[in-house]
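Let me begin by presenting the structure, written as structure tokens, before commenting on it.
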Amino acid sequence: MTLLHRHPDFLTRTLVLVERLKGCTTLKELQSVLGFMIKTSVDQDCFAMNQFMTTCSTLGCWDLAASMFSQVQNPDVFLYNAMIRVSVQCSYPLQALEQYKSMLRAGVMPESHTFSSLIKGCRLVQALRYGKCVHGGVWKNGCKRDVFVQTAAIDFYASFGGIVESEKVFDEMPVSERDVFAWTTMLSAYAQAGDMASAQRLFDEMPERNNATWNTLIDGYARLGNLESAQSLFENIPDKNIISWTTMIACYAQNKLFREAVTLFRDMTNLGFSPDEVTMSTIISACAHLGSLDIGREIHYYVMQNRFHLDVYIGSALVDMYSKCGSLEKSLVVFYKLQEKNLFCWNSVIDGLAVHGFARKALMMLSKMESEKIYPNWVTFVSILNACNHAGLVEEGRRLFMRMKKDYLIVPRVEHYGCMVALFSKAGLLEDALGLIRSMESEPNAFIWGSLLDGCRVQKNLEIARICLDALILLEPNNSGHYMLLINMYAASNQWDEVTKIRRMMKGRGIEKGCPGHSWIEIGGDICQFAASDRSHPASDKICMFLNDLDEQMRLSNIKPHEISIGF
DNA sequence: ATAGGGTTAG
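If you read the first sequence in the working numbering, its first letter stands for residue 10, the second for the next number, and so on.
Here's what the structure looks like:
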């Protein structure tokens with residue numbers, strides 16, 4: 010049915026409904042307009058349905074868009090394009106590829122709008138071969154000179170590290186067709202590849218720059234640790250927007266300058282800029298690294314005062330921040346308040362329980378997470394295995410490590426092996442630990458050998474200790490600690506000739522005895538450094554008496570570490 | 001009569 014054949018009333022109704030669709034801000038409103046559309050058969054009209062799709066995309070209702078699309082008898086190219094776009098924007102890129110196939114089957118010819126969305130979808134699923142086919146389809150359908158398609162292609166190849174392919178697309182664009190988006194995308198491709206010289210050259214050559222251009226360049230410099238360039242560019246942006254501020258705050262955080270990140274956030278709000286959800290999650294995460302509960306609370310208060318929606322980003326950042334700042338209770342309170350919880354939220358809460366010593370609760374959270382159809386990834390298992398390690402849950406840990414590989418098809422990383430080796434070693438299962446290290450496909454690191462070595466020390470197993478130390482000395486030839494441990498072990502078993510051999514080896518390599526490891530604590534603004542068995546602090550007698558007293562009180566109340574209830 | 005792209009986050 011074309012426009013001219015429609016009854017005038019039908020046309021008016023369609024136009025009115027399109028306007029109403031544009032005005033929808035909630036799913037409820039959208040559903041009520043849809044009700045009218047179905048009643049009046051406008052749900053078969055591709056023009057009106059196109060706007061319906063766009064609104065679904067802004068509201069994030071992919072399910073509704075897809076189910077209504079499947080009811081349309083003869084979707085036109087506009088509607089197919091809209092459906093593909095919604096799928097990509099709502100992060101359902103595989104569905105977009107399926108819709109493209111069904112479009113071809115239905116004999117509807119794709120065009121430039123189809124390809125720009127589709128290429129973006131291929132980038133999201135990192136479908137290199139499929140993306141290349143789609144890019145081939147672009148040539149067949151004569152869309153290769155469309156600036157939107159070309160921009161998407163530059164971005165697509167860059168996401169695979171194919172900077173040469175990106176350059177090729179960019180260079181083949183006639184200069185007159187390159188707009189600021191195309192230039193910025195190419196600049197971003199260089200920045201992603203870490204080639205800041207080319208990025209800077211492009212920046213200088215560009216006929217026009219906007220905010221995104223500046224932000225991309227700043228981010229590129231900061232990711233390579235070049236904060237000076239990032240800072241001076243930031244100061245020169247003609248008009249900073251919220252993304253510029255957030256980018257610079259993130260730059261400080263990436264370079265571990267968390268206090269500077271907080272200072273810049275305060276400067277920004279003092280100048281009257283309103284942070285958005287991205288700014289807030291960035292700054293909350295900076296607070297987590299600072300470990301300052303006071304600043305963390307202050308930012309959380311800001312979140313509540315300004316009525317930010319507790320989305321999955323802000324939510325997971327807050328859960329992590331409270332746990333890292335030492336308040337597991339507050340972390341749990343925030344977690345239970347979250348309306349929507351994704352993998353990151355669950356990972357944050359599981360890690361919090363794990364590092365605070367609540368292994369059983371962490372495992373319970375894992376089952377709860379699975380019952381809500383969120384599936385663990387490698388990060389989840391680092392926390393879970395770490396929890397087993399701290400609680401000494403050997404069989405549980407062994408079972409979970411197997412499940413991780415068999416049920417979740419997660420390839421164990423060095424971090425996972427680290428937890429398992431530490432768990433076995435502490436339990437005295439030195440042979441199991443060594444067997445696991447031998448089965449690793451990647452190189453064991455110093456942490457892994459160090460855990461096994463510590464187990465050997467407790468068990469007085471000189472034979473395996475020697476294997477660990479040989480490996481450690483190879484990995485860290487200048488760390489005197491490894492040699493010293495070996496010396497102490499041989500000395501303890503009266504093997505003085507071995508002791509002499511190692512002393513000679515150290516001397517030959519020019520390794521000094523070195524100083525013991527230190528830790529420090531901030532008390533009332535003063536930083537006190539201390540080492541194990543260190544009694545140099547003027548109040549050390551008092552401190553030891555206090556610790557003994559605490560120990561005695563715990564013993565009398567029958568409290569063991571890991572069993573302290575926190576009532577949730 | 002309808003539409004599309006680049007920059008910031010855990």
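Heads up, the beta-carbon is just placed ideally off N, CA and C, and yes, glycines get one too.
Fair warning: this is a prediction, and the values are worked out from it, not measured in the lab.
Using the three-state DSSP reduction, which class does residue i fall into: helix, strand or coil?
i	result
Arg-527	Checking the sequence shown, residue 527 turns out to be His, not Arg. His-527 falls in the strand class under three-state DSSP.
Ala-161	helix
Gln-562	helix
Phe-577	Its pLDDT being 32, under 50, Phe-577 is placed unreliably by the model, and the measurement read from it follows with that caveat. It is coil, neither helix nor strand.
Asn-395	helix
Pro-102	helix
Gly-490	helix
His-298	helix
Phe-124	helix
Gln-135	coil
Gln-468	helix
Met-411	helix
Arg-275	helix
His-365	coil
Asn-386	coil
Cys-152	coil
Cys-33	coil
Glu-405	helix
Ile-246	coil
Phe-317	coil
Thr-193	helix
Ile-520	coil
Val-173	helix
Arg-475	helix
Asp-52	helix
Glu-186	helix
Comparing C-alpha positions only, which one of the options sits nearest to residue i?
i	options	result
Glu-244	Met-257, Glu-38, Asn-235, Arg-232	Met-257
Ser-125	Arg-114, Gly-116, Trp-148	Trp-148
Glu-485	Asn-150, Val-189, Ile-520	Ile-520
Gly-145	Ser-168, His-425, Val-178	Val-178
Ile-446	Lys-435, Gly-437, Trp-458, His-309	Trp-458
Met-378	Val-358, Leu-394, Ala-396	Val-358
His-527	Arg-544, Phe-19, Tyr-139, Arg-518	Arg-544
Ala-206	Leu-233, Glu-217, Arg-218	Leu-233
Met-493	Asp-506, Arg-512, Leu-402	Arg-512
Ala-221	Glu-186, Ile-246, Leu-461, Asp-18	Ile-246
Asp-188	Tyr-139, Glu-214, Asp-204	Glu-214
Asp-18	Val-173, Gly-406, Arg-466, Val-51	Val-51
Cys-465	Lys-249, Leu-483, Gly-490, Leu-438	Leu-438
Ile-47	Met-277, Asp-329, Met-77	Met-77
Trp-71	Pro-84, Leu-495, Ala-105	Ala-105
Met-112	Asp-85, Leu-133, Cys-99, Gly-130	Asp-85
Glu-217	Ser-336, Ser-325, Leu-103, Phe-190	Phe-190
Asn-235	Cys-553, Leu-26, Asn-567, Gly-203	Gly-203
For residue i, which residues from the same chain have a beta carbon less than 6 Å from its beta carbon, with the 5 sequence-adjacent residues on both sides left out?
i	result
Asn-224	Ile-252, Ser-253, Thr-256
Ala-262	Ala-270, Ala-295
Arg-275	none
Lys-551	none
Asp-155	Ser-121
Cys-334	Gly-300, Leu-302, Gly-305
Ile-419	Trp-387, Met-413
Val-27	Ala-57, Gln-60
Which same chain residues, not among the five before or five after residue i, have their C-beta less than 7 Å away from its C-beta?
i	result
Leu-471	Met-498, Ser-502
Leu-13	At Leu-13, the pLDDT of 47 sits below 50, so the modelled position is not reliable and the matter cannot be decided from this model.
Arg-210	none
His-122	Asn-90
Val-143	Phe-124, Leu-127, Ile-128, Cys-131
His-309	Leu-327
Thr-291	Thr-255, Ile-258, Ala-259, Ala-262
Met-429	Leu-394, Gly-406, Phe-410, Leu-445
Ala-500	Val-508
Ser-238	Tyr-230
For residue i, which residues in the same chain have their Cβ closer than 8 Å to its Cβ, ignoring the five residues on either side in sequence?
i	result
Phe-1	The structure shown does not extend to residue 1, since the chain is modelled only from 10 through 577, so no value can be given for it.
Gln-135	Ser-168, Phe-169
Thr-67	none
Glu-572	Any reading at Glu-572 must be qualified, since the residue scores a pLDDT of 38, below 50, and its modelled position is unreliable; the value itself is stated next. Same-chain partners within the cutoff: there are none.
Ala-4	No information on residue 4 is available, as it lies outside the stretch 10 to 577 that the chain covers here.
Val-81	Asp-52, Gln-53, Cys-55, Met-58, Leu-88
Check whether the region 148 to 168 and the region 194 to 206 touch, using three or more Cβ-Cβ pairs below 8 Å as the test.
yes
**Request:** Assess, as a yes-or-no matter, whether the region 413 to 429 is touched by the region 439 to 455 under the definition of 3 or more beta carbon pairs within less than 8 Å.
**Result:** yes
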